[in-house]
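Worksheet: one structure, shown below.
In the UniProt record's numbering, the protein residues as written are 1 to 502.
As structure tokens, then:
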């Protein structure tokens, strides 16, 4: 083969090699471009996923640099009302001033210890100026080559509202809004320190709450308690503690006071309460107090001394106050239903006639007169649609009517003066044959005065016009009573009535 041919083949071979290498390089370049494009697409996809995840987190997410918000997810912008305007705001401009310190301490601790996962709660200001409660945690990160803080916030406003309500209920009386016994006992331990001496404990008891409840219902009793509560609060200093520690009891804790202060407070409270009435009955309270001057005196001893003084004060007032209250209750009944007064007078008169026939003493006759006059005092608790009803009572109305002897018993038994007739008032609708109410007593089980009252009241009722029937004459009334001797009435009392009227 000639040298020219060899040279020609060599050139062809070199050109083929170069073409191959160029093709290979071109192919590799295309592959690399494809790989880069794939990587870019993958990165774009990941970025979109991260943005979607970031913006759809149920938590608020902030990126903070130099205390400023430089980035926030959509949840923040939508729920707080700031939208994009939140970016660039100083974080502390959105924090309640009372929460500055604890948030600052938390963020500082995160810079020192990145493993600390402490969470705190603070109030975050929304665009409308209202605050929401949030719980937050934070982690360090680098954002745009600068040290930053990533904060996660969860809206806990509803939870805090519920917790605050539960906390309030656990330490407050629902009726008055005052503190309750639990708070009072804890506060008593807290204030019992030397710097607060002299410490005063004041005990206040509301007189006649049960009487008001029995006569006029619990709504009136609640009104009484709330009125006394308001009057007490008006007389106290801003740092004094007042608690409702029982149904009709209040207690005060006062620090750095002396006895003249307490005497003045007692006088003011007694005067302010007496000027108020519930159902025409003047409000009355019993007050006791005691002072702690020295550390070695147990606070429980001071509490007991105040309680003893209050109880002595209550005993001194009770008899006169309850007698007055019962007379006002009866007056209210008579003013509301004038026919009840006439019935009471008539029944009282017949009771006296029966007592004379039965040989009663003057003292016994006086008891009978009182019994006849007060026997229906329990009707004060009945609704107007019962006492004013024109026809026969339905079953529910009748059940309510049948409670008046028990109400009358509760009212009268609260007073030493009227207690002796309370059992007879309770039993004056019992029947000789045991079919009466409220206990179904029979024969001699029924108190003797109640048997007399039953006959006297029935005779007066029969001879008096009612809304639902006309009165009968004396003779017919006596015949009806005689017909019911041995069933409704004690036969011996019926015979006494016949002797008294014939």
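Here a beta-carbon is modelled for each residue, glycine too, at the ideal position from N, C-alpha and C.
Given the structure is predicted, the values throughout are model-derived calculations rather than measurements.
Opening and closing residue of the alpha helix (DSSP H) in which residue i lies
i: residue 517; result: In the structure displayed, the chain extends from 1 to 502; residue 517 sits before or after that span and is not available.
i: residue 398; result: 395-401
i: residue 350; result: 338-357
i: residue 181; result: 181-191
i: residue 472; result: Careful: residue 472 lies outside any alpha helix (DSSP H) and carries neither H nor E.
i: residue 380; result: Taken as a continuous stretch (DSSP letters only), residue 380 belongs to no alpha helix (DSSP H), as it is neither H nor E.
i: residue 384; result: 384-387
i: residue 167; result: 157-171
i: residue 263; result: 259-274
i: residue 367; result: 362-374
i: residue 501; result: 491-501
Per-residue burial, residue i [other beta carbons within 10 Å of its own, 16 or more giving buried]
i: residue 175; result: exposed
i: residue 440; result: exposed
i: residue 429; result: buried
i: residue 486; result: exposed
i: residue 495; result: exposed
i: residue 45; result: Here the model assigns residue 45 a pLDDT of 49, short of 50, so the residue's position is not dependable, and the following value carries that caveat. When all chains shown are included, residue 45 counts as exposed.
i: residue 269; result: buried
i: residue 169; result: exposed
i: residue 92; result: exposed
i: residue 184; result: buried
i: residue 158; result: exposed
i: residue 343; result: buried
i: residue 119; result: exposed
i: residue 312; result: exposed
i: residue 384; result: exposed
i: residue 435; result: exposed
i: residue 498; result: exposed
i: residue 473; result: exposed
Beta-carbon gap between residue i and residue j smaller than 8 Å
i: residue 257; j: residue 198; result: yes
i: residue 369; j: residue 337; result: no
i: residue 306; j: residue 201; result: yes
i: residue 122; j: residue 102; result: yes
i: residue 459; j: residue 421; result: no
i: residue 194; j: residue 295; result: yes
i: residue 134; j: residue 162; result: no
i: residue 378; j: residue 406; result: yes
i: residue 402; j: residue 438; result: yes
i: residue 287; j: residue 227; result: no
i: residue 285; j: residue 207; result: yes
i: residue 381; j: residue 179; result: no
i: residue 251; j: residue 203; result: yes
i: residue 231; j: residue 267; result: no
i: residue 431; j: residue 488; result: yes
i: residue 61; j: residue 76; result: yes
i: residue 137; j: residue 152; result: yes
i: residue 308; j: residue 253; result: no
i: residue 211; j: residue 411; result: yes
i: residue 314; j: residue 302; result: no
i: residue 408; j: residue 425; result: yes
i: residue 63; j: residue 166; result: no
i: residue 353; j: residue 461; result: no
i: residue 128; j: residue 177; result: no
Limits of the unbroken beta strand (DSSP E) element including residue i
i: residue 289; result: 285-292
i: residue 243; result: 241-244
i: residue 255; result: 249-255
i: residue 200; result: 199-206
Self-check item: Three or more C-beta pairs below 8 Å linking the region 242-252 and the region 220-231
Solution: yes
Self-check item: Validate contact between the region 404-422 and the region 322-332 using beta carbons, cut 8 Å, 3 pairs
Solution: yes
Quiz item: Touching or not, the region 349-368 and the region 185-199, by the rule of three or more beta carbon pairs under 8 Å?
Solution: no
Quiz prompt | Unbroken stretches of the beta strand (DSSP E), 3 residues or longer, contained in the region 63-150 | solution = 68-72, 120-125, 131-143
Quiz item: Should the region 228-238 be regarded as contacting the region 325-334, the criterion being three or more beta carbon pairs within less than 8 Å?
Solution: no
Quiz item: Is the region 340-353 touching the region 373-383 in the sense that three or more CB pairs, one from each, lie closer than 8 Å?
Solution: yes
Quiz item: Does the region 82-90 come close enough to the region 58-72 to have 3 or more Cβ pairs within less than 8 Å?
Solution: yes
Exercise. Counting only runs of 3+ residues fully inside the region 404-467, write out the beta strand (DSSP E) ranges in chain order.
Key: none
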